[in-house]
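Number of protein chains: 2
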Amino acid sequence: MNFTDNKEQDGKQMSGMHSSKQYDQDLEWIRSKVLLMGGLVEDQFRDAMIALEKGDEVLADRVIKGDEKVNRQEVELDHSLTELIVRRQPAANDLRNVTATGKVITDLERIGDEATKIARSAKNIRSRELLLPHHYQTLAGMSQTARRMLREALDAYARMDREQAIALMALDAVIDREFHDMMRDLIEYMSAEPGTVAAGLDILWAAKAIERIGDHATNIGEYVIYVVDGEDIRHTDYRLQFQGTMI
Amino acid sequence: MNFTDNKEQDGKQMSGMHSSKQYDQDLEWIRSKVLLMGGLVEDQFRDAMIALEKGDEVLADRVIKGDEKVNRQEVELDHSLTELIVRRQPAANDLRNVTATGKVITDLERIGDEATKIARSAKNIRSRELLLPHHYQTLAGMSQTARRMLREALDAYARMDREQAIALMALDAVIDREFHDMMRDLIEYMSAEPGTVAAGLDILWAAKAIERIGDHATNIGEYVIYVVDGEDIRHTDYRLQFQGTMI
């Protein structure tokens, strides 16, 4: 909706301006909104983790309620992108950037969903005292990695920085390892203390949600490289090539 | 790539044809390829479940290898859609169908990923004999629901059938309930028999993957309604409205 207003202003201010220039400005406007959506999603994730760590149900409810705003932004930004294509009819090369932005929006919305799942875990966690402090510490470590990945994904998208995208993608192996270590540890603990199975599963679902946030940040990194390189690196061994050298 | 060939043939066969007619034909061509991709993904899911139920590692490996083909199809179809937009410059109303098709492709690829996860569970499952027959039966029931949802999602997309889309979305509540029942049952079992925790988690991850396939099928139903109704129903209470009346 705001996009339309912006268009009309453009028409007045920039009549005679070359269409591809208008396209650039429109796209930049949408990209800035995507970054705002990214900031909102970062806040949701951070608050969900605080709610989980402190057992703060009020904050958890605020996160769950806040997901509506994330969803609304997804729908609005999708509309803005459609409008951009119809009005500016970008060439194939320009369209790459539009497509990538559309996919970034989808991944951000899914990160919002995962934050909501963490907030639900915060509310549901049964017999919180059955878990040990180091379980929460491991979870906090995972969330630190995921938060860093999300921040770097948004930075890489903002600056279309290929190197930063590659660096963040290398972190996906770190978070996967953290998740598997946590799972192994919890299996041992739950086996030794059968009364802890339900509580252990609650925290494991939260860990799974964090690991997925890492996956979505990695996807964003892939789209950045897709735009910069002009080639589609999804589903290649690209990441493996760089893993280990970057971290 | 094939899309380009198809285009050239079109040029010969239909010179002078109205551009929107060409647009319709191109889009139908892409939609038929999307349905083929859907069929492949259905096969992957079915084979992954057989591999899990029978403990067939050879079949599990075939599913894991087969995911490359799913991924390749995603990349090719994304390219075809981009080409369609650039060549035919569809109007806003037509673009809705293109956008929805792009999202269907993404969800199909993610269903492929979940099938691969089930195949990996089939290979990794520890001490298969620690689980009881009824655990596998519950899992088979879930997969039947998910398979039905996927079939109906593809049918609804093929025929742009709004009613079918709504009916399949109502099944999402069924599969969620099946998943939660299974989780409750497994928690009880693992708590009573601590030696079964690792094996129980293996089967629980597979159940989670099946439940996600239901989510992706639901997404496809939403895109169908989005195209038919010309309005964006994502993130509304639309589903709730119809739940219970359809099943």
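From first to last, the protein sequence lines stand for chains A and B. Numbering-wise, full-length UniProt numbering puts 52 at position 52 of the first sequence, and it's gapless, one number per residue. Numbering-wise, full-length UniProt numbering puts 133 at position 133 of the second sequence, and it's gapless, one number per residue. All C-beta atoms in this analysis are idealised placements derived from N, C-alpha and C, irrespective of residue type, glycine included.
Cβ pair residue i, residue j closer than 8 Å
i                      : j               : result
residue 259 of chain B : L139 of chain B : No information on residue 259 of chain B is available, as it lies outside the stretch 1 to 247 that chain B covers here.
R46 of chain A         : R147 of chain A : yes
G141 of chain B        : E109 of chain B : no
V104 of chain B        : I175 of chain B : no
V228 of chain A        : N97 of chain A  : no
G55 of chain B         : L130 of chain B : no
V34 of chain B         : T99 of chain B  : no
G214 of chain A        : M149 of chain A : yes
M190 of chain B        : M190 of chain A : yes
Rounded straight-line distance, which links the Cα of residue j to that of residue i
i               : j               : result
E222 of chain B : A192 of chain A : 45 Å
V197 of chain A : N124 of chain A : 14 Å
L36 of chain B  : I30 of chain B  : 10 Å
H180 of chain B : Q144 of chain B : 16 Å
S32 of chain A  : E152 of chain A : 16 Å
L201 of chain B : D24 of chain A  : 50 Å
R162 of chain B : L171 of chain B : 15 Å
T4 of chain B   : S121 of chain B : Its pLDDT being 41, under 50, T4 of chain B is placed unreliably in this model, and the value from its coordinates should be taken loosely. Cα to Cα, the separation comes out at about 40 Å.
R159 of chain A : E28 of chain A  : 11 Å
L154 of chain B : R128 of chain A : 43 Å
I118 of chain B : L52 of chain B  : 7 Å
D61 of chain A  : S20 of chain B  : 48 Å
Q13 of chain B  : Q73 of chain B  : Note that Q13 of chain B scores a pLDDT of 39, beneath 50, so its modelled location is shaky and nothing firm can be said.
D26 of chain B  : L77 of chain B  : 12 Å
L204 of chain B : E57 of chain B  : 19 Å
V63 of chain B  : A199 of chain B : 21 Å
M182 of chain A : K208 of chain A : 10 Å
A167 of chain B : A173 of chain A : 40 Å
A165 of chain B : I210 of chain B : 19 Å
Nearest-angstrom Cβ-Cβ length linking residue i and residue j, presumed shorter than 8 Å
i               : j               : result
H235 of chain A : N71 of chain B  : 4 Å
V75 of chain B  : Y157 of chain B : Actually they are not in contact, since the Cβ atoms of V75 of chain B and Y157 of chain B sit about 20 Å apart, beyond 8 Å.
T218 of chain A : M169 of chain A : 5 Å
L59 of chain B  : V86 of chain A  : Actually they do not touch by this definition, with Cβ atoms about 47 Å apart.
Q89 of chain A  : Q89 of chain B  : 5 Å
Short CB-CB distance (under 8 Å) between residue i and chain C
i              : result
A60 of chain A : Absent here is chain C; the protein component of the structure consists of chains A and B.
beta-carbon residue i near the ligand FMN non-hydrogen atom, thresh 7 Å
i               : result
N124 of chain B : The ligand FMN is not among the ligands present in this structure, which contains no ligands whatsoever.
message: For the structure I just gave you, are there three or more beta carbon pairs, one from the region 129 to 137 of chain A and one from the region 177 to 197 of chain A, closer than 8 Å?
response: yes
- prompt: Should the region 41 to 61 of chain B be regarded as contacting the region 79 to 87 of chain B, the criterion being three or more beta carbon pairs within less than 8 Å?
  reply: no
- request: Kindly confirm or deny that the region 107 to 122 of chain B and the region 58 to 67 of chain B touch, where touching means at least three C-beta pairs closer than 8 Å.
  value: yes
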